[in-house]
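Taken in order, the sequence shown gives residues 0 to 161; the numbers are from numbering that gives the first Met the number 0.
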Amino acid sequence: MTPQRYIETRLSQYQNWYDTTATRMKSMHLRMRTVSVVGGALVPVFVNLDLTFARVTATVLSVVVVAAISLESVYRYREQWKNYRSTEQLLGHERVYFETKVGPYRNLSKRDAFSTLVARVEKAIANENSATLNVMTLGGQVDADVQPRAVPAARESETAEK
Numbered sequence: 000m001t002p003q004r005y006i007e008t009r010l011s012q013y014q015n016w017y018d019t020t021a022t023r024m025k026s027m028h029l030r031m032r033t034v035s036v037v038g039g040a041l042v043p044v045f046v047n048l049d050l051t052f053a054r055v056t057a058t059v060l061s062v063v064v065v066a067a068i069s070l071e072s073v074y075r076y077r078e079q080w081k082n083y084r085s086t087e088q089l090l091g092h093e094r095v096y097f098e099t100k101v102g103p104y105r106n107l108s109k110r111d112a113f114s115t116l117v118a119r120v121e122k123a124i125a126n127e128n129s130a131t132l133n134v135m136t137l138g139g140q141v142d143a144d145v146q147p148r149a150v151p152a153a154r155e156s157e158t159a160e161k
């Protein structure tokens, strides 16, 4: 496999997937937080209103707040967002370092530089998978240099065309 093909079929694919997924996780995290904060602030208002619909509204809002907090604690959108974004950024840095021959790629032959790129990219992907598993199963905090989850493999049509 050539460096260009690896970058196009593997590195770019993962980078795009992490970017898209990080954006989605951030959006979900912010939605859940907004629902929790706004709903939590409105419940006491409705409890203290002397209107017929206020009690039902306060109850419904309370259920929605509990659901949002519970879903956030199960899916851990914030942690996933951070992990995916960190991995996407790391892959981008590796690509730039490789293409400009700086950092770990300085003074390496083309073959050694490519081998180093593949090893570092695949390690980042594996670390991210491991981190997502830890976040989702153990609920623990994940270090910033470790990230999570599998990216779909290159489609056969993409690899056959190249």
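Ideal Cβ placement from N, Cα and C applies to all residues, glycine included.
In this structure, residue 9 keeps its C-beta atom at 9 Å or more from the C-beta atom of residue 95. The alpha-carbon separation between residue 18 and residue 4 amounts to approximately 20 Å. Counted as a single uninterrupted DSSP element, the stretch harbouring residue 101 is not any alpha helix (DSSP H), since DSSP gives it neither H nor E. Where residue 18 is concerned, the enclosing alpha helix (DSSP H) starts and stops at 11-46. Here residue 52 carries a coil assignment [DSSP, helix/strand/coil].
A residue is called buried when at least 16 other Cβ atoms come within 10 angstroms of its Cβ; residue 97 meets this threshold and is buried. Secondary structure of residue 135 (DSSP, three-state): helix.
Within the model, the alpha-carbon separation for residue 51 versus residue 41 is close to 16 Å.
DSSP, reduced to helix, strand and coil, places residue 107 outside both helices and strands of the structure shown, so it counts as coil. Collapsing the DSSP output to three states places residue 1 in coil. Inclusion of residue 46 and residue 53 in the CB contact set at 9 Å is warranted, their separation being smaller than that value. Your pair residue 38 and residue 60 checks out as a contact, with CB atoms roughly 5 Å apart and the cut at 8 Å.
When the five nearest sequence neighbours on each side are left out, the beta carbons in the same chain lying within less than 7 Å of the beta carbon of residue 56 are those of 45, in order along the chain. Check the Cα spacing between residue 100 and each of 30, 115 and 16: the tightest is with 115. When the alpha-carbon of residue 0 is set against those of 109, 131 and 66, the nearest one is in 109.
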